[in-house]
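Undergrad: Numbering of the sequence shown is given in numbering that gives the first Met the number 0, commencing with residue 0 and proceeding in unit increments.
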Amino acid sequence: MKFISLHHRLGGYTSHHFNEAHGMIAECARRGRKLELFIHRYAPPEIVHALDAKPVFDDPTFRREWSFEERSDRFVAMLHEHVDPSVRADDCVMTTIATQLETHALTRWLTELPRRKKPWVVITFLSDRWNRGTREEYDRQMAELSKVRELLAGLSRNDRHRLLFFAVTEPLAAELSRILGAEVGYASIPLPYSEPLPKQPNERPRIAILGGMRAEKGSYLVPDVIRACSARLDVEFLVQLMNNSLSDEEAARIARVAVEPNVIAISDAVKQEEYIAALSTADLALFPYEVIPYRQRTSGVFAEAVVFGIPVLATAGTWMAQQIEAGHAAGMVFEELTPEAIARTVEQAVAELDALRARAATLVEPWRETISLTAYVGEVERAIAARAAAVRVGGWWRRGRW
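Written out as structure tokens, the structure is:
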């Protein structure tokens, strides 16, 4: 079985797309599997070369000027043009950044392939975008998801059997199962991990706020959080000021923290080795994320901080807070998403930093074993093997149903 990984949003070093794709290369090599990577057609040459990838895809997913059907048509056409020549029966075609658009298009594509070329198709959802906005936005996305459900309901037994759905949190898997009328399993966040650099002591505790600036990540609170913390104790902040979706005016307002004497600023997206070096210096990692967008959604930066043995601080009600409260990650939870509540939690965490570090060190390996790219690929392989075994035992092909 060959893996064909669709990373149609991978066009630079933002987000975790490059890191995941690079890790998938190593993971497939370790398992003795061939891998083909399809990425965005405007990816820079250095990324194409580093990944030995095929830069051929556009990303119509969020092009709202086109209807859902037109976006799906465009995606299906790209699949036929670029993936058809490579795919063989029983290969695994996967996307780890699925929305209803990719799901609809990949399902249609599977039904249109000749029987001799039908692969396993693995579709993994990272988040519940439909729950994040207005009622109008919820209704729009529910209408699109209903079209996916209708398509799935009309599949042949063979095509339905070859589609595998996953979500990276159990609540999201349960919600999607209801919405799609199909089984959606839980699978780990598909994130590879690097080793941290040796930790050097800081003159004062360093608190990292890393990742792209977005409203749902509470980026608008960062200046006030820094001021509230500075009024209470002597700490410094490592802040990444890469604008991910804010207005230029809002991003500029937040970026002014770079001139503060207790702020170390990272102004843009960085390569993986630079990111590792930066995160390795942190004593605490702070996640002032909003609850609704992150109740059923993971965070790559959070996962990396846990693997680096860094205590983490998160908003109550988020997936990150659930990991802390369940004892999977060492850290503290702030009950309110306000600068004052966050500053109180930071102050408490600094006072208990030695104990938190000791606890964090014991959780690194359990986290690697259960929440990682390795765990994700293992789950995918087991699920496909189980489906294949069910076919052999059921003998559908002998009864002319295959």
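Ideal Cβ placement from N, Cα and C applies to all residues, glycine included.
Just so it is clear, the structure is predicted and the values come from calculations on it, not from any experiment.
Could you check which residue in H160, Y192, R213 has the C-alpha nearest to that of E272?
TA: The sequence position of residue 272 within the sequence shown is 273, counting from 1. Of the candidates H160, Y192, R213, the one whose C-alpha sits nearest the C-alpha of E272 is Y192.
Undergrad: Under a three-way DSSP split, which group does E235 fall into?
TA: In the sequence shown, counting from the first residue as 1, residue 235 sits at position 236. Correct three-state label for E235: strand.
Undergrad: Grab the span of the beta strand (DSSP E) containing Y185 for me, first residue to last.
TA: Taking the sequence shown and counting its residues from 1, one reaches residue 185 at position 186. Taken as a continuous stretch (DSSP letters only), the beta strand (DSSP E) holding Y185 covers 183-185.
Undergrad: Would you be able to state if there are at least three C-beta pairs under 8 Å between the region 164-184 and the region 127-144?
TA: Short answer: they touch.
Undergrad: Since W119 is in the beta strand (DSSP E), which residue starts that stretch and which ends it?
TA: Along the sequence shown, read from residue 1 onward, the residue named residue 119 stands at position 120. 119-124 is the extent of the beta strand (DSSP E) around W119.
Undergrad: Give the range of the alpha helix (DSSP H) segment to which T110 is assigned.
TA: Against the sequence shown, residue 110 aligns to sequence position 111. 99-111 is the span of the alpha helix (DSSP H), which, as asked, contains T110.
Undergrad: Since E249 contacts Y219 with CB under 8 Å, what's their CB separation in whole angstroms?
TA: One-based indexing of the sequence shown puts residue 249 at position 250. One-based indexing of the sequence shown puts residue 219 at position 220. Right, the Cβ-Cβ distance comes to about 7 Å (below 8 Å), so this counts as a contact.
Undergrad: Would you call the region 277-284 and the region 197-205 touching, i.e. three or more CB-CB distances under 8 Å?
TA: Yes, they touch.
Undergrad: Distance, Cα to Cα, R205 vs A384?
TA: The residue you call residue 205 lines up with position 206 of the sequence shown. The residue you call residue 384 lines up with position 385 of the sequence shown. Their Cα atoms are separated by approximately 46 Å.
Undergrad: I need the straight-line Cα distance from R291 to A88, nearest angstrom please.
TA: Numbered from its first residue, the sequence shown carries residue 291 at position 292. Numbered from its first residue, the sequence shown carries residue 88 at position 89. This sequence places Ile at residue 291; Arg is not what is there. Distance between the alpha carbons of I291 and A88 is about 40 Å.
Undergrad: Can you give me the Cβ contacts of V86 inside the same chain, cut-off strictly under 8 Å, excluding the 5 residues immediately before and after it?
TA: Counting from 1 along the sequence shown, the entry for residue 86 is found at position 87. I3, V92, L112, K116, P118, listed in sequence order.
Undergrad: Which residues mark the beginning and the end of the beta strand (DSSP E) in which E35 is found?
TA: Taking the sequence shown and counting its residues from 1, the one referred to as residue 35 is at position 36. Start and end: 34-39.
Undergrad: Going straight from the alpha carbon of H39 to that of K53, what length do you get?
TA: Within the sequence shown, residue 39 is the residue found at index 40, counting from 1. Within the sequence shown, residue 53 is the residue found at index 54, counting from 1. Computed Cα separation, rounded: 8 Å.
Undergrad: Leaving out the 5 sequence neighbours to the left and right, which residues in its chain are closer than 8 Å to A25 when beta-carbon positions are compared?
TA: As a working note, residue 25 is residue 26 in the sequence shown. The residues are P191.
Undergrad: Just to confirm before moving on: does the CB-CB distance between R330 and I341 stay below 8 Å?
TA: Residue 330 sits at position 331 when you count from the first residue of the sequence shown. Residue 341 sits at position 342 when you count from the first residue of the sequence shown. Going by the sequence as given, residue 330 is Gly instead of Arg. No; because the gap between Cβ atoms is not below 8 Å, this pair is not in contact.
Undergrad: Can you name the start and end residues of the beta strand (DSSP E) that S4 belongs to?
TA: Sequence index remark: in the sequence shown, residue 4 carries index 5 (1-based). 2-6 is the span of the beta strand (DSSP E), which, as asked, contains S4.
Undergrad: State yes or no: is the C-beta of A328 within less than 8 Å of the C-beta of V305?
TA: Translated into the one-based positions of the sequence shown, residue 328 becomes position 329. Translated into the one-based positions of the sequence shown, residue 305 becomes position 306. In contact: A328 and V305 (Cβ atoms closer than 8 Å).
Undergrad: Taking DSSP as the reference, what is the three-state secondary structure of K53?
TA: As a position in the sequence shown, residue 53 is number 54, starting the count at 1. Looking at K53 - three-state DSSP - the assignment turns out to be strand.
Undergrad: Consult DSSP for M93 and reduce its assignment to one of helix, strand or coil.
TA: For the purposes of this step, residue 93 is taken as the residue at position 94 of the sequence shown. Correct three-state label for M93: strand.
Undergrad: Would you list the residues sitting across from R205 in a DSSP beta bridge?
TA: Within the sequence shown, residue 205 is the residue found at index 206, counting from 1. According to DSSP, which records beta bridges pairwise, R205 is partnered with E235.
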